[in-house]
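Novice: Take a look at this one; I'll ask things after.
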Amino acid sequence: MSKLKVAVIVGSSRRESINRKLAEALVRLVGDRMEPHFVPIDDLPMYNQDLEGARPQAVNRFTQQIAAADALLFVTPEHNRSLPAVLKNAIDWGSKPMDRNVWKGKVVAITGTSPSAIGTAVGQQHLRQVLGILGSLVIGGEAYISFKPDLMDEAGDIANASTRTFLLAYMDAYLALAAKVVG
Ligand SMILES: Cc1cc2nc3c(=O)[nH]c(=O)nc-3n(C[C@H](O)[C@H](O)[C@H](O)COP(=O)(O)O)c2cc1C
């Protein structure tokens, strides 16, 4: 079987985003078992149904990239105990029109990091709920990462051995399920 094409969606537009850094570290951790594609969401306009007649180019680019992926990996901060607006906006664009909902049937892994002890747990629960309604197959298990300045080493890899082992197990389960579903 060819490598799984995984769309990586980071729920932060911040230049120094710790979630982008975590996503990059995860991609390196998994190695060549998947083909990652980082899909930008910060160029999408705010969802407005009036734009449906002639969807902006950035929206078409975005939905095509998601549709072309075998599976999706979300790495996102939590904003006020929910998913960030920039991410919800992207999901809304992808959910319409209903018969071209790009989220349906995609195997999804969710993780994220924040400096707080709960490490994005509540935001991830909201994201899981939204994607579930849209027909994504969000894998079981949880991967909440409490951010500390030494989470990543100088090369940008996960520094702590037990965190590395934990995340690798999460990604192994994800890739195994995605491979079964994609066939
Ligand atoms: C609008 C806003 C809301 C936030 N709400 C939460 C929150 O609910 N829980 C949390 O752990 N951190 C919260 N934070 C702090 C973020 O975890 C922190 O800014 C983190 O660096 C964001 O991830 P990023 O660097 O990938 O953008 C919030 C930050 C912002 C800007």
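Number 159 in the working numbering belongs to position 159 of the sequence shown; there are no gaps in the numbering. Cβ atoms here follow ideal geometry from the backbone N, Cα and C, with glycine treated the same way.
Out of W93, I158 and T76, which has the shortest C-alpha to C-alpha gap to Q57?
Specialist: Taking the first residue of the sequence shown as position 1, residue 57 is located at position 57. Here the closest residue by C-alpha is W93.
Novice: For the pair the stretch 107-121 and the stretch 142-151, tell me if three or more CB-CB distances fall below 8 Å.
Specialist: yes
Novice: Determine, using beta-carbon pairs with one atom in the stretch 158-169 and one in the stretch 122-129, whether at least three such pairs fall under 8 Å.
Specialist: Remark: fewer than three beta-carbon pairs, one from each stretch, lie closer than 8 Å, so the stretch 158-169 and the stretch 122-129 are not flagged as touching.
Novice: Measure the alpha-carbon distance for T165 versus A7 and round it to whole angstroms.
Specialist: For this step, residue 165 is matched to residue 165 along the sequence shown. For this step, residue 7 is matched to residue 7 along the sequence shown. In a straight line, the C-alpha of T165 is about 22 Å away from that of A7.
Novice: With distances taken from CA atoms, which of S136, H79 and D99 is nearest G11?
Specialist: On the sequence shown, position 11 is the one that residue 11 refers to. For the set S136, H79 and D99, the Cα lying nearest the Cα of G11 is the one of H79.
Novice: Name the two residues that bound the continuous alpha helix (DSSP H) containing V122.
Specialist: Residue numbering aside, residue 122 sits at position 122 when the sequence shown is read from its first letter. First-last of the alpha helix (DSSP H) with V122: A121 to I133.
Novice: Do G112 and P75 count as a contact pair if the criterion is CB distance below 8 Å?
Specialist: Looking up residue 75 in the sequence shown gives position 75. Looking up residue 112 in the sequence shown gives position 112. First, the residue type needs correcting, since residue 75 is Val and not Pro in the sequence shown. Yes, the Cβ-Cβ distance between V75 and G112 is below 8 Å.
Novice: Tell me the DSSP secondary structure of T165 in three-state form.
Specialist: Residue mapping note: residue 165 aligns to position 165 of the sequence shown, counting from 1. T165 sits in a helix when the DSSP states are folded into three classes.
Novice: Taking buried to mean at least 16 other C-beta atoms within 10 Å of its own C-beta, is L29 buried or exposed?
Specialist: In the sequence shown, counting from the first residue as 1, residue 29 sits at position 29. With fewer than 16 other Cβ atoms within 10 Å, it is exposed.
Novice: Considering K5, what are the terminal residues of the beta strand (DSSP E) in which it resides?
Specialist: Mapped onto the sequence shown, residue 5 falls at position 5. Segment L4 to V10, the beta strand (DSSP E) holding K5.
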